[in-house]
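Visitor: Attaching a single structure in structure tokens format; questions to follow.
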Ligand code: OAD
């Protein structure tokens, strides 16, 4: 993409946002990459040295819960050290502009959108900051301190698990319903830093396009490269989101 095309894409994104009444944002690991949180799909097919089946499936958990906690313990420790980047903050600013007509749907479990100051955040894949009891089901918000490899529920002493949606598990019904409604109702869907290969999250993109209102949403893709989302995108802003999102906001405010 030439500089002129890139500039035109930034301007187009800002123009559509200016005309929008409702905005929905779908984020993935890429929005946190510049904060130092690794993305998922490394070229060796491994996730921080582990096969996904070992650490992010109910079967992996049943086989070796200690290994799963060691893996998530390391991720919690990393997230405790990192900070939101200008991409997260640009989305906070966007929410200020749209108020309650703004929904941020994130696949990320790092909690950085909320740390940055985003309010209406739907964490559809759960959160590293939360635990869930495998016996009584209680969900608790735990500070990012070490929990060890067999943490117990303070209420019933049952084994706690990470409050994360693993492969093969369903999403929380209420959270997913709210995400679908936001995608359906928005005039602009901003798709930031996701490879858009994991469903149902990625299906929010076609949902925003085939919504029941007369005019389908404009989809703006913000990524380093083209992805599975690109076929649905009306415009692609290619570059690191920590640089490009603030530029879109600059143009929107100009
Ligand atoms: P992926 O790792 O699949 O994709 C990350 C995307 O971010 C890629 O398309 C990159 O090109 C892009 N990217 C990297 N750095 C970027 C930057 N600085 N600015 C903009 N884009 C950048 O991550 P997700 O799409 O989030 O699920 O993965 C979806 C789900 O798969 C995750 O939520 C996780 C995983 O397995 C669960 O944990 C349930």
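Residue numbers (our numbering): 63 to 316.
The beta carbon of each residue, even a glycine, is placed where N, CA and C say it ideally should be.
Between which two residues does the alpha helix (DSSP H) harbouring residue 66 extend?
Guide: Note, residue 66: alpha helix (DSSP H), 65-81.
Visitor: Looking at the structure shown, is residue 151 part of a helix, part of a strand, or coil, going by DSSP?
Guide: helix
Visitor: When the Cα atoms are used, what is the spatial distance from residue 307 to residue 152?
Guide: Going by C-alpha positions, residue 307 is about 6 Å away from residue 152.
Visitor: Should residue 262 be counted as a contact of ligand 1 given a C-beta to heavy atom distance under 7 Å?
Guide: no
Visitor: Whole beta strand (DSSP E) runs in the segment 191-218 with 3 or more residues, listed along the chain?
Guide: 201-203
Visitor: Using only alpha-carbon positions, find the residue among 214, 277 and 284 that is nearest to residue 253.
Guide: 284
Visitor: Just to confirm before moving on: does the CB-CB distance between residue 280 and residue 246 stay below 8 Å?
Guide: no
Visitor: Using CA coordinates, which residue listed in 210, 257, 112 and 161 is at the minimum distance from residue 170?
Guide: 257
Visitor: Quick one: give me the first and last residue of the beta strand (DSSP E) that residue 164 is part of.
Guide: 164-168
Visitor: Using 8 Å as the threshold, is the segment 91-102 in touch with the segment 224-244, meaning 3 or more CB pairs across them?
Guide: no
Visitor: Beta-carbon separation of residue 204 and residue 219 under 8 Å?
Guide: no
Visitor: Return the chain-ordered ranges of every beta strand (DSSP E) run that is complete within the segment 237-268 and spans a minimum of 3 residues.
Guide: 250-254
Visitor: Shorter than 7 Å, the distance from the beta carbon of residue 293 to the closest heavy atom of ligand 3, or not?
Guide: Absence of ligand 3 is noted for the structure shown, with ligand 1 being the only ligands found.
Visitor: Kindly indicate which three-state DSSP category residue 181 falls into: helix, strand or coil?
Guide: coil
Visitor: Using only CA atoms, which one of 173, 129, 314 and 195 lies nearest to residue 186?
Guide: 173
Visitor: Check whether the Cβ of residue 97 lies closer than 7 Å to any heavy atom of ligand 1, and answer yes or no.
Guide: no
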